[in-house]
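In this note's numbering, the protein residues as written are 1 to 183.
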Amino acid sequence: MDALSLLLNRRSLPKLIAPAPEGEALEAIFQAGLRAPDHAGLTPWRFIVSQGEEGLGKLSQILVEAAKADGADDAAIEKASKAPFRAPMVITVVAKITEHDKVPVIEQHLSAGCATQAMQMAAVAQGFAGFWRTGKWAYHPVVREALGVEGDDLIVGFLYMGTAGCRDAKAPVRDVSQFVEYL
(Lines of atoms letter the chains of each structure in order from A; the text may use other names.)
(Lines give C-alpha, C1' and ligand atoms only; values in the text may rest on other atoms or scores of the structure.)
Protein backbone atom coordinates (compact mmCIF):
# COMPACT_ATOMS: atom_id res chain seq x y z
CA MET A 1 0.00 0.00 0.00
CA ASP A 2 1.45 3.36 -0.95
CA ALA A 3 1.61 6.11 1.68
CA LEU A 4 -1.07 8.33 0.14
CA SER A 5 -3.57 5.46 -0.20
CA LEU A 6 -2.87 4.51 3.39
CA LEU A 7 -3.66 8.02 4.61
CA LEU A 8 -6.69 8.58 2.36
CA ASN A 9 -8.30 5.28 3.32
CA ARG A 10 -7.60 5.26 7.08
CA ARG A 11 -10.44 3.70 9.08
CA SER A 12 -10.82 2.48 12.62
CA LEU A 13 -12.08 -1.08 12.79
CA PRO A 14 -14.27 -1.84 15.81
CA LYS A 15 -13.36 -5.52 16.10
CA LEU A 16 -9.76 -6.66 16.45
CA ILE A 17 -8.55 -10.21 16.93
CA ALA A 18 -5.20 -11.97 17.37
CA PRO A 19 -2.54 -11.78 16.29
CA ALA A 20 -1.28 -8.41 17.45
CA PRO A 21 1.93 -7.04 16.01
CA GLU A 22 5.11 -8.45 17.53
CA GLY A 23 8.82 -8.61 16.83
CA GLU A 24 10.00 -6.57 13.85
CA ALA A 25 6.46 -5.43 13.05
CA LEU A 26 5.97 -4.00 16.54
CA GLU A 27 9.45 -2.45 16.47
CA ALA A 28 8.54 -0.71 13.18
CA ILE A 29 5.33 0.60 14.78
CA PHE A 30 7.27 2.13 17.67
CA GLN A 31 9.92 3.51 15.31
CA ALA A 32 7.15 5.21 13.30
CA GLY A 33 5.83 6.78 16.49
CA LEU A 34 9.29 8.02 17.37
CA ARG A 35 9.43 9.91 14.06
CA ALA A 36 6.58 12.23 15.09
CA PRO A 37 7.31 15.98 14.95
CA ASP A 38 9.46 16.76 17.98
CA HIS A 39 10.39 20.41 18.45
CA ALA A 40 13.71 20.72 20.35
CA GLY A 41 14.15 16.94 20.46
CA LEU A 42 12.21 16.58 23.71
CA THR A 43 10.86 13.12 22.81
CA PRO A 44 7.61 13.78 24.67
CA TRP A 45 6.26 10.25 24.46
CA ARG A 46 5.93 7.17 26.60
CA PHE A 47 4.27 3.96 25.43
CA ILE A 48 2.78 1.45 27.87
CA VAL A 49 2.00 -1.93 26.29
CA SER A 50 -0.76 -4.16 27.67
CA GLN A 51 -1.11 -7.53 25.95
CA GLY A 52 -2.15 -11.07 26.66
CA GLU A 53 -4.28 -12.09 29.60
CA GLU A 54 -1.81 -10.71 32.13
CA GLY A 55 -1.20 -7.28 30.61
CA LEU A 56 -4.78 -6.67 29.51
CA GLY A 57 -5.91 -7.97 32.90
CA LYS A 58 -3.77 -5.37 34.68
CA LEU A 59 -5.23 -2.59 32.55
CA SER A 60 -8.71 -3.99 33.16
CA GLN A 61 -8.15 -3.90 36.92
CA ILE A 62 -7.03 -0.27 36.73
CA LEU A 63 -10.23 0.64 34.87
CA VAL A 64 -12.35 -1.31 37.37
CA GLU A 65 -10.74 0.60 40.25
CA ALA A 66 -11.47 3.87 38.47
CA ALA A 67 -15.10 2.87 37.92
CA LYS A 68 -15.46 1.88 41.56
CA ALA A 69 -13.91 5.18 42.66
CA ASP A 70 -16.68 6.90 40.71
CA GLY A 71 -19.34 4.83 42.49
CA ALA A 72 -20.29 3.09 39.24
CA ASP A 73 -22.99 0.43 39.22
CA ASP A 74 -22.24 -3.22 38.48
CA ALA A 75 -23.00 -2.86 34.76
CA ALA A 76 -20.57 0.04 34.36
CA ILE A 77 -17.88 -1.82 36.31
CA GLU A 78 -18.37 -4.87 34.10
CA LYS A 79 -18.11 -2.70 30.98
CA ALA A 80 -14.88 -1.12 32.27
CA SER A 81 -13.45 -4.57 32.99
CA LYS A 82 -14.05 -5.69 29.40
CA ALA A 83 -12.77 -2.57 27.65
CA PRO A 84 -9.11 -3.63 27.27
CA PHE A 85 -10.13 -7.01 25.83
CA ARG A 86 -11.52 -5.44 22.65
CA ALA A 87 -8.12 -6.17 21.08
CA PRO A 88 -5.16 -8.44 21.78
CA MET A 89 -2.95 -5.41 22.55
CA VAL A 90 -3.50 -1.91 23.91
CA ILE A 91 -0.75 0.68 23.77
CA THR A 92 -1.37 3.57 26.14
CA VAL A 93 0.31 6.65 24.69
CA VAL A 94 1.39 9.23 27.23
CA ALA A 95 2.60 12.73 26.44
CA LYS A 96 5.61 13.03 28.75
CA ILE A 97 6.06 16.75 29.30
CA THR A 98 9.34 18.60 29.73
CA GLU A 99 9.28 22.26 30.71
CA HIS A 100 10.82 24.25 27.87
CA ASP A 101 10.71 27.97 27.10
CA LYS A 102 10.23 27.41 23.35
CA VAL A 103 8.03 24.30 23.33
CA PRO A 104 4.66 24.77 25.03
CA VAL A 105 2.86 21.90 26.73
CA ILE A 106 0.17 21.78 24.02
CA GLU A 107 2.82 21.22 21.36
CA GLN A 108 4.18 18.27 23.32
CA HIS A 109 0.65 16.85 23.71
CA LEU A 110 0.13 17.20 19.98
CA SER A 111 3.46 15.53 19.27
CA ALA A 112 2.34 12.48 21.26
CA GLY A 113 -0.90 12.54 19.26
CA CYS A 114 1.12 12.53 16.04
CA ALA A 115 3.09 9.56 17.40
CA THR A 116 -0.19 7.73 18.00
CA GLN A 117 -1.39 8.38 14.44
CA ALA A 118 1.96 7.30 12.99
CA MET A 119 1.88 4.08 15.01
CA GLN A 120 -1.65 3.30 13.84
CA MET A 121 -0.67 3.91 10.21
CA ALA A 122 2.47 1.77 10.57
CA ALA A 123 0.30 -1.07 11.87
CA VAL A 124 -2.07 -0.80 8.91
CA ALA A 125 0.83 -0.61 6.46
CA GLN A 126 1.98 -3.99 7.80
CA GLY A 127 -1.42 -5.68 7.54
CA PHE A 128 -2.64 -5.07 11.09
CA ALA A 129 -5.42 -2.81 12.29
CA GLY A 130 -5.95 -0.45 15.16
CA PHE A 131 -8.25 2.09 16.67
CA TRP A 132 -7.55 5.04 18.92
CA ARG A 133 -9.72 5.70 21.96
CA THR A 134 -9.55 8.18 24.80
CA GLY A 135 -12.74 8.61 26.76
CA LYS A 136 -13.04 9.37 30.44
CA TRP A 137 -10.46 6.77 31.49
CA ALA A 138 -7.67 8.74 29.81
CA TYR A 139 -8.30 11.62 32.23
CA HIS A 140 -9.33 9.72 35.33
CA PRO A 141 -7.08 10.34 38.37
CA VAL A 142 -7.03 6.64 39.34
CA VAL A 143 -5.88 5.64 35.85
CA ARG A 144 -3.35 8.47 35.69
CA GLU A 145 -1.85 7.50 39.04
CA ALA A 146 -1.72 3.79 38.25
CA LEU A 147 0.14 4.52 34.99
CA GLY A 148 2.50 7.10 36.48
CA VAL A 149 0.98 10.05 34.62
CA GLU A 150 1.75 13.23 36.58
CA GLY A 151 1.49 16.99 36.26
CA ASP A 152 1.05 18.17 32.68
CA ASP A 153 1.64 14.65 31.33
CA LEU A 154 -1.42 13.41 29.48
CA ILE A 155 -2.75 10.10 28.25
CA VAL A 156 -3.44 11.06 24.64
CA GLY A 157 -5.01 7.73 23.85
CA PHE A 158 -5.35 4.02 24.09
CA LEU A 159 -4.24 2.52 20.79
CA TYR A 160 -5.97 -0.84 20.38
CA MET A 161 -3.98 -3.11 18.05
CA GLY A 162 -4.58 -6.46 16.38
CA THR A 163 -5.80 -8.02 13.17
CA ALA A 164 -9.05 -6.99 11.50
CA GLY A 165 -11.88 -9.09 12.85
CA CYS A 166 -14.47 -7.53 10.54
CA ARG A 167 -14.70 -6.14 7.04
CA ASP A 168 -13.43 -2.63 6.52
CA ALA A 169 -16.06 -0.09 5.52
CA LYS A 170 -15.17 2.32 2.77
CA ALA A 171 -13.73 5.59 4.05
CA PRO A 172 -16.16 8.51 3.64
CA VAL A 173 -15.30 11.10 1.03
CA ARG A 174 -15.59 14.59 2.47
CA ASP A 175 -15.91 17.88 0.62
CA VAL A 176 -12.58 19.61 1.22
CA SER A 177 -14.15 23.02 0.59
CA GLN A 178 -16.13 22.66 3.84
CA PHE A 179 -12.89 22.62 5.88
CA VAL A 180 -10.35 24.74 4.00
CA GLU A 181 -10.02 28.51 3.77
CA TYR A 182 -7.47 30.51 1.81
CA LEU A 183 -6.28 33.94 2.92
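All C-beta atoms, glycine included, are put in the ideal place defined by N, C-alpha and C.
Here the structure is a predicted model, which means the values were calculated and not measured.
- Leaving aside the five residues that flank Gly157 on each side, the residues in its chain whose CB is nearer than 7 Å to its CB run, in chain order, Val93, Thr116, Trp132, Arg133, Thr134 and Ala138.
- With respect to the C-alpha of Leu63, the residue from Val142, Val180 and Leu159 having the closest C-alpha is Val142.
- A distance below 8 Å separates the beta carbons of Gly162 and Pro88.
- Annotation: Asp74 to Lys15 spans about 24 Å, alpha carbon to alpha carbon.
- As the crow flies, the alpha-carbon of Gly55 is around 9 Å from that of Val90.
- The beta carbon of Lys96 lies closer than 7 Å to those of Pro44, Trp45, Arg46 and Asp153 in the same chain, with the five residues before and after it left out.
- With respect to Ala25, Gln126 sits close: the two C-beta atoms are nearer than 8 Å.
- With respect to the C-alpha of Ala3, the residue from Ala129, Val149, Ala118 and Cys166 having the closest C-alpha is Ala118.
- Going by beta carbons, Ser111 and Ala36 fall inside the 8 Å limit.
- Your pair Ala67 and Ala76 checks out as a contact, with CB atoms roughly 6 Å apart and the cut at 8 Å.
- Sequence-distant Cβ neighbours of Leu8 in its own chain, meaning closer than 8 Å and more than five residues away, are Ala171.
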